[in-house]
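Protein chains: 2
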Amino acid sequence: MSDALGMWVDGVEGNLVPADDRGLQYGDGLFETILVRDGNARFLDAHLARLERGLARLAIPFTAWRELRTDIARAVGRAPRLAILKIIVTRGSAETRGYAPPKTTRARRIMSLWPTSPVEHVHLEQGVQVNVTELRLAEAAPLAGLKHLNRLENVLAAAEGLRGNAFELLLLSTRDQLVSGVMSNLFLVKEGELHTPLMDRAGVAGVMRQIVLREAPLLGIAAREQELVLADLFAADAMFITNARIGVVPVRRVGEHVFGMSEIVKRLRATIEALDA
Amino acid sequence: MSDALGMWVDGVEGNLVPADDRGLQYGDGLFETILVRDGNARFLDAHLARLERGLARLAIPFTAWRELRTDIARAVGRAPRLAILKIIVTRGSAETRGYAPPKTTRARRIMSLWPTSPVEHVHLEQGVQVNVTELRLAEAAPLAGLKHLNRLENVLAAAEGLRGNAFELLLLSTRDQLVSGVMSNLFLVKEGELHTPLMDRAGVAGVMRQIVLREAPLLGIAAREQELVLADLFAADAMFITNARIGVVPVRRVGEHVFGMSEIVKRLRATIEALDA
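Those protein sequence lines, which keep their order, are chains A and B. In this text, residue positions in the first sequence follow this note's numbering: the first is 449, and each later residue adds one. In this text, residue positions in the second sequence follow this note's numbering: the first is 449, and each later residue adds one.
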């Protein structure tokens, strides 16, 4: 039995999807993971804007934005004080077999609401443990940055983590570039500035990453996207990870390497937590 | 409306899968595409052996082999003279959200039967047109060779083909290595020997490719897996593509480059078509 608080397919409450959906057949779709807090879907416009960009890149025709917002409002109305709303949009059912996208297709909306809990106080105060995975991420520009449904790399990487007790796992690319965590983006703090990996060859360009890149300069903190490797990480003063659920979370250790705690990370977290959106 | 001739989920006829299936959520599963000819699922043991290897690599526990064979026999009984049987095995439903594979999980079998038609005589006699895609495949050892459900690269590459009228599209990797077609494996014929790309960094190790590698030596034709680039293709005497549906099909042209027709390709095709399996 799933612990989902609700599931909806094309706006109808229910848990069943046609087996010919191209999301299942090929991972032909995208998703968003949205934090619902006190009846508010946080950063909803940013999530929907990213979804729209992703759909355009995959050339999935989607016009049901009004219906999607109605779906979301309905699910949010069902949410406890804190919950996760997961939205999947697939290219819809395949009429015929084969990879090529059908000429006519009707995208499908699949929504689920899940319980979640706040980040533990100790994690925010002391920072979290991050371990480096053995798996190396493929570098593939056509899909880089998208929150698409082809997530087997994340599944295999997360499986490595079941052996330890890290809060998050760090992913490097086949060229040994820093990419992200399995479920988060990462930022290094160096001499008062923020550095985060480019999302042009691998990884997911997270909404919370985007919020940090937007908010940091407003606090007078420069933030830059660039190529980074493990040596940059070891040379950094501090590190934090981000995603829609956890917000900004300081990293205490990567493997055996210990970071200091940074006032910058605390300020960023507090600022973003206090945003109305 | 799908043109499927039948669909079964865990052995029960029907078209509906729980939306929390990890095959849909993450592409966390594998598939097989089997040709059914005259009431016979061709090369079934090779397909099931590959499925078993893939499940082991993804650490998906699966024990329902007897049930799967029963499912297959039932579907084959429904098949016309020529059909495609597609088998998907996913890690099953997710009880909680998150990439990490649950400790307890029940793999799900999703089977569909599709109409198909024989390869056209003109294609076998004159060879087919193949065009090179703009998309470059990521190189990712952990998933290489597997017929997994993360197939967005194939979808995007196949979408390029909608603009032309090639029979198949050729995929190169980000390092410009030859990998495969979108839906097939490829072989070059050079001085009476066969060369086919390694499947250790990208691509799917097809069952028909494996049959060719097994049958060619029995005909006195050496066959070798190796790294290959476009220059090797242009230097080859002939080329052919393979998959479970089409068998062995000669290539006439790649882009503007024209190949000769090879007796070796004809012999291989005739031999494999005549196999009882």
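Think of the CB as a built atom: it goes at the ideal place given N, C-alpha and C, for glycine as much as any other residue. No experiment lies behind these values; they were computed from the predicted model shown.
Terminal residues of the continuous beta strand (DSSP E) containing residue i?
i: residue 665 (chain B); result: Per DSSP, residue 665 (chain B) belongs to no beta strand (DSSP E); it is in the alpha helix (DSSP H), 655–666.
i: residue 535 (chain A); result: 530–538
i: residue 700 (chain B); result: 695–702
i: residue 457 (chain B); result: 454–457
i: residue 450 (chain B); result: Per DSSP, residue 450 (chain B) belongs to no beta strand (DSSP E) and is neither H nor E.
i: residue 629 (chain B); result: 626–629
i: residue 637 (chain A); result: 633–638
i: residue 644 (chain A); result: 641–645
i: residue 618 (chain A); result: 616–621
Counting only Cβ pairs nearer than 9 Å, list the residues of chain A close to residue i.
i: residue 565 (chain B); result: Near residue 565 (chain B) there are no residues of chain A at all, since even the closest Cβ is about 12 Å away, more than 9 Å.
i: residue 552 (chain B); result: Ordered by position in chain A, no residue passes the 9 Å Cβ test against residue 552 (chain B), which lies about 12 Å from the chain.
i: residue 719 (chain B); result: Near residue 719 (chain B) there are no residues of chain A at all, since even the closest Cβ is about 27 Å away, more than 9 Å.
Helix, strand or coil for residue i, going by three-state DSSP, please let me know.
i: residue 602 (chain A); result: helix
i: residue 592 (chain A); result: coil
i: residue 682 (chain A); result: helix
i: residue 714 (chain A); result: helix
i: residue 462 (chain A); result: coil
i: residue 521 (chain B); result: helix
i: residue 478 (chain A); result: strand
i: residue 543 (chain B); result: coil
i: residue 607 (chain B); result: helix
i: residue 719 (chain A); result: helix
i: residue 485 (chain B); result: strand
Using a C-beta to C-beta distance shorter than 9 Å, which residues of chain B count as neighbours of residue i?
i: residue 655 (chain A); result: Within 9 Å Cβ-Cβ: nothing; residue 655 (chain A) doesn't reach chain B, min ~17 Å.
i: residue 534 (chain A); result: 473 and 545
Would you give the residue range spanned by the alpha helix (DSSP H) that residue i belongs to?
i: residue 401 (chain B); result: Not covered by the structure: residue 401 (chain B). The range shown for chain B is 449 to 725.
i: residue 674 (chain A); result: Premise fails: residue 674 (chain A) lies in the beta strand (DSSP E), 671–674, not in any alpha helix (DSSP H).
i: residue 500 (chain A); result: 492–505
i: residue 470 (chain B); result: 470–474
Under 8 Å Cβ-Cβ, which residues of chain B neighbour residue i?
i: residue 451 (chain A); result: 543 and 544
i: residue 630 (chain A); result: 547
i: residue 710 (chain A); result: Going along chain B, no residue has its Cβ under 8 Å from residue 710 (chain A), so there is no contact; the nearest lies around 28 Å.
Taking Cβ-Cβ distances shorter than 8 Å, what residues in chain A pair up with residue i?
i: residue 455 (chain B); result: 467 and 468
i: residue 512 (chain B); result: Residues of chain A passing the Cβ test: none, with the nearest at roughly 17 Å.
i: residue 558 (chain B); result: 467 and 472
Applying a beta-carbon distance threshold of less than 7 Å, which residues of chain A neighbour residue i?
i: residue 596 (chain B); result: 600
i: residue 586 (chain B); result: 586, 587 and 588
i: residue 507 (chain B); result: 607
i: residue 583 (chain B); result: 590
i: residue 690 (chain B); result: Near residue 690 (chain B) there are no residues of chain A at all, since even the closest Cβ is about 17 Å away, more than 7 Å.
i: residue 518 (chain B); result: Those do not exist, as residue 518 (chain B) stays about 18 Å from chain A at its closest Cβ, beyond 7 Å.
Can we count residue i as close to the ligand NAP, meaning its CB is less than 7 Å from some heavy atom?
i: residue 706 (chain B); result: What this structure holds is no ligand at all, so the ligand NAP is not there to describe.
Interface residues of the region 461–489 of chain B facing chain A [CB-CB below 9 Å] | For the region 461–489 of chain B, which is checked against every Cβ of chain A, the residues closer than 9 Å are 462, 463, 464, 465, 466, 467, 468, 469, 470, 471, 472, 473, 474, 475, 476, 477, 479 and 481.
Quick one: complete beta strand (DSSP E) runs, 3+ long, within the region 552–587 of chain A?
-> Annotation: the region 552–587 of chain A contains the following complete segments of the beta strand (DSSP E) (minimum length 3 residues), in chain order: 556–563 and 576–585.
Taking only beta carbons into account, state which residues of the region 603–616 of chain B come closer than 7 Å to chain A, listed in chain order.
-> If the cut-off is 7 Å between Cβ atoms, the region 603–616 of chain B has 603, 604, 606, 607, 609 and 610 near chain A.
Under 7 Å (Cβ pairs) to chain A, residues found in the region 642–672 of chain B = Under the 7 Å Cβ criterion, the region 642–672 of chain B contributes no residue.
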